[in-house]
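Before any comments, here is the structure.
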Amino acid sequence: MNATITSTAHYVPEKVLTNSDLEKLVDTSDEWIKSRVGINQRHVVSDGEASSDMSTKVAHSLLEKRRISAANIDVIIIGTVTPDHPTPSTAAIVQNNINAENAWAFDLSAACSGFLYALETGAKFIESGQYKTIMVIGVDTMTSILDFEDRETCIIFGDGAGGVILEASKSNTGILGSVLKTDGSGAESLNVLAGGSKYPASPTTIKNRQHYIKQDGKKVFKFAIKRMSDVSTKLLEDNGLAGKDIKLFIPHQANKRIIEATGERCNIPLDRVMINIDKYGNTTAGTIPIALNEAVESNLISNGDYILLAAFGSGFTWGSILIKWDTMV
Ligand code: COA
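The sequence shown maps to residues 7 to 335 in our numbering.
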C-alpha cells in the first residue's frame with residue numbers, strides 16, 4: 007500500500023525583505039545576490055510570529071482543501087530546525103491550535119531535508135496500515151537564527167511553511183520510493199553551535215554570536231549538487247526511469263546555481279525544474295512543500311506524472327523521493 011498526497015498548502019509571511027533592504031545592513035548588492043544566488047526577495051515574520059503560526063495556517067488550509075476535519079488526522083509531523091521552543095514541540099502547539107483531538111504529534115530535525123525525512127516517515131506510517139491520515143509540514147523561521155552582520159548567510163534565507171496530507175493510494179501510485187542519507191561528519195560545515203545541551207545559552211555564547219547559523223558556503227555548494235544528484239539518479243535507476251521521464255523536479259531551493267547544476271546532472275531539462283527561490287529565498291524545511299503547492303496551484307502536475315523531490319542540508323542530511331502523482335481528492 008503506497009502513501010499518496012491528497013492535499014497541499016503553503017504560507018509565507020506578509021512582510022517582504024528585498025535585496026535593497028539587505029544592502030542597508032551588510033556589504034552586498036542586489037546584482038550580486040541575483041547573479042550568485044538567484045534571490046530577488048524573501049518573506050520574513052513580523053514580531054511575535056513564529057513557526058507554529060505559519061504551520062497552523064498551512065494546517066487549516068490543508069484541511070479545508072481536503073474537506074476533512076482536524077479530528078480525522080492521526081499524526082502530525084513537523085520538520086523544522088526553528089521550533090517555537092526547545093519544548094514543547096511545534097507539532098504539539100499546532101495539534102492544539104487546530105484541535106486535532108485524535109492526533110499525536112512530533113517535530114523532526116533534519117534541517118533543509120526536514121520535509122523529505124518527515125514525508126518518508128509519514129509514508130511509512132500509512133504503509134504500516136495502522137494510520138490513515140497524516141499531516142506533514144515543513145517550516146522554518148530562519149530569521150530567528152540569522153546573523154544580519156554575516157553577508158554569506160543573511161542574504162540566503164527566508165521564512166515560510168508548506169505541507170501535505172498523506173493517505174493510502176487506491177492504486178499503485180503516490181510515493182514510489184526514496185533514498186535518504188545522513189553524514190554527520192559534515193556537522194562543522196553548516197550549523198548553529200549554541201543553544202542546545204553542548205553549549206547552553208550564556209552571555210559568552212551570545213557575545214560570540216553562536217546562536218546564529220554559520221556555514222562553509224563553498225563546501226556546502228559542492229556537496230549539495232553532488233549528493234542531491236547522486237541520490238536522485240540512483241532513485242531513478244532503481245525505478246527504471248530516466249531524467250526525461252520526470253514531469254517536474256522539485257529540488258531544495260538553496261541557490262539557483264545549485265538547482266540548475268543538479269537538474270543538469272540528473273539529465274532533467276531546465277523547463278521541468280521548479281525554481282521559486284527568487285521569491286522566497288531558502289526557507290529550509292519549507293522550500294519543497296512551498297514549491298510543490300505552487301506547482302499544484304499552477305497546474306504543472308497531472309495525474310500519472312512522475313515528480314522527483316530532492317534535498318540537502320545541515321547534518322549533512324540529504325535525499326530524494328519519487329512520486330507518481332495521484333488524484334487530489
Ligand atoms: N555580497 C557580496 N559579496 C559577497 C557576499 C555577499 N552577500 N557573500 C560573499 N561575497 C564575496 C566573498 O567575500 C568573495 O569575495 P572575494 O572574492 O573578495 O574574497 C566573493 O563574494 C566570492 O565568494 P564566494 O564564496 O566564492 O561566493 P560564491 O559564489 O560561492 O557564493 C554562497 C557564496 C554562500 C552564496 C554560495 O557558496 C552558496 O550558495 N553556498 C551554498 C549555501 C547554502 O545553500 N546553504 C544552505 C544549505 S542548504
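Ideal placement from N, C-alpha and C gives every residue a C-beta, glycine not left out.
Boundaries of the alpha helix (DSSP H) harbouring I99: 96-104, taken from the DSSP string. For A174, the enclosing beta strand (DSSP E) has its first and last residue at 165-174. Counting only residues of its own chain and dropping the five nearest sequence neighbours on each side, S67 has a CB closer than 6 Å to the CB of A15. Distances between the C-beta of V43 and the heavy atoms of ligand 1 include at least one below 6 Å. Where M234 is concerned, the enclosing alpha helix (DSSP H) starts and stops at 223-244. Distances from the CB of G223 to the heavy atoms of ligand 1 include at least one below 6 Å. The alpha-carbon of A260 is positioned some 30 Å away from that of E70. Closer than 6 Å to some heavy atom of ligand 1: that describes the Cβ of V226. Taking C-beta atoms under 8 Å as the contact rule, I161 and V81 fail to qualify, at a distance of about 36 Å. Within the model, the alpha-carbon separation for K220 versus L199 is close to 8 Å. Look at R48 here: in three-state DSSP terms it is strand.
K253 carries a strand assignment under DSSP once its states are collapsed to helix, strand and coil. For the 7 Å CB-CB criterion, T96 and I104 do not form a contact. Shown here, L23 sits in a strand according to DSSP, grouped into three states. Among the bridge pairs identified by DSSP, H16 is matched with G168.
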